[in-house]
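All remarks here apply to the structure that follows.
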Amino acid sequence: MKSFIEVSADSHFPIQNLPFGIFSIAEDKISSARVGVAIGDQILDLTVLSKLFEKHVPELATRKFLQAILSEDNPELRDNKELRNQAFVPQKLAKMHLPANIGHYTDFYASKEHATNCVVVSGTDILRPRGQRSPGKDQPPVFGPSTKLDIELEMDPTPFPYLQEEGKTAYDIHLEVKMKRSLLEITWNGKNEIDFGNGVKRLFVEDGDEVVLTGHCQGEGYKVGFGECSGKILPAISS
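For the sequence shown, position 230 (counting from the first letter as 1) is numbered 294 according to our numbering, and the numbering increases by one without interruption.
What follows is the structure, encoded as structure tokens:
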């Protein structure tokens, strides 16, 4: 299966993987948020194609329809230059929105504020959090910007032999990140520096750092992935 849209071999969004999302045009202030599907470095605006859909089409049927209309052998959209110009938006010109209200987040909660506003769109700047921390043994806690801001990108380790099953029972997911795993863990709580080999050493994430997390599975000549999850760390609010 191949699309008439040129898709890089490194793209996470070939025709085999068409993720739905909510977007608007970043520079267009009157642009409304609507549903789109990523393919390569483009977004297919489903609002433009809505007249081609039957009412109340199930998601699976919608995905099959999109794969069919994006196929290199289907001239309906491929050869309609006017419709193509209206239907495709470069991802670099789009502003992404949360597709749903985040109602629940599972963690070891300490309070209502423990995970407030914890889910944001990729590309959102992250303010360094402020909170209580211990300055040292036998000293009272102080309030201020976090000094041990870290990141995490984790998967379970390989099961012990007695837990392993024969055959293909799991996904082979490749994870990529600028700083792998939790810095709190990999630096042993800030005791061991990470040497990046270019004169830069780190214990924790610093202001101005931009972290990009990705994950994908490799197919035969294509990748199926999650795209990028990125965020830039900004200094904590002073007051």
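C-beta: ideal position from N, C-alpha, C; glycine also.
Owing to the predicted nature of the structure, the values given are computational and were not obtained by experimental measurement.
One or two residues paired with residue i in a DSSP bridge
i: residue 160; result: 87
i: residue 278; result: 240, 292
i: residue 152; result: 108
i: residue 145; result: Note: residue 145 sits in no beta bridge, so no partner.
Nearest-angstrom beta carbon gap, residue j and residue i [assumed within contact, 8 angstroms]
i: residue 82; j: residue 131; result: 7 angstroms
i: residue 23; j: residue 186; result: Residue 23 lies beyond the range of the chain shown here (65 to 303); nothing can be said about it.
i: residue 276; j: residue 232; result: The Cβ separation is near 29 angstroms, so there is no contact.
i: residue 95; j: residue 79; result: Actually they are not in contact, since the Cβ atoms of residue 95 and residue 79 sit about 26 angstroms apart, beyond 8 angstroms.
i: residue 269; j: residue 213; result: 5 angstroms
i: residue 114; j: residue 65; result: In fact, because the Cβ distance is near 24 angstroms, the residues do not count as touching under 8 angstroms.
i: residue 100; j: residue 92; result: Their Cβ separation, rounded to whole angstroms, is 14 angstroms, which puts residue 100 and residue 92 out of contact at 8 angstroms.
First through last residue of the beta strand (DSSP E) which encompasses residue i
i: residue 113; result: Per DSSP, residue 113 belongs to no beta strand (DSSP E); it is in the alpha helix (DSSP H), 110-113.
i: residue 102; result: 98-103
i: residue 142; result: Per DSSP, residue 142 belongs to no beta strand (DSSP E); it is in the alpha helix (DSSP H), 139-142.
i: residue 207; result: 206-209
i: residue 187; result: Run containing residue 187: none; DSSP gives neither H nor E here.
i: residue 195; result: 194-197
CB contact flag (residue i, residue j, <8 angstroms)
i: residue 103; j: residue 153; result: no
i: residue 76; j: residue 291; result: yes
i: residue 197; j: residue 205; result: yes
i: residue 97; j: residue 84; result: no
i: residue 151; j: residue 112; result: yes
i: residue 210; j: residue 195; result: yes
i: residue 191; j: residue 298; result: yes
i: residue 300; j: residue 223; result: no
i: residue 289; j: residue 279; result: yes
i: residue 106; j: residue 133; result: no
i: residue 286; j: residue 90; result: no
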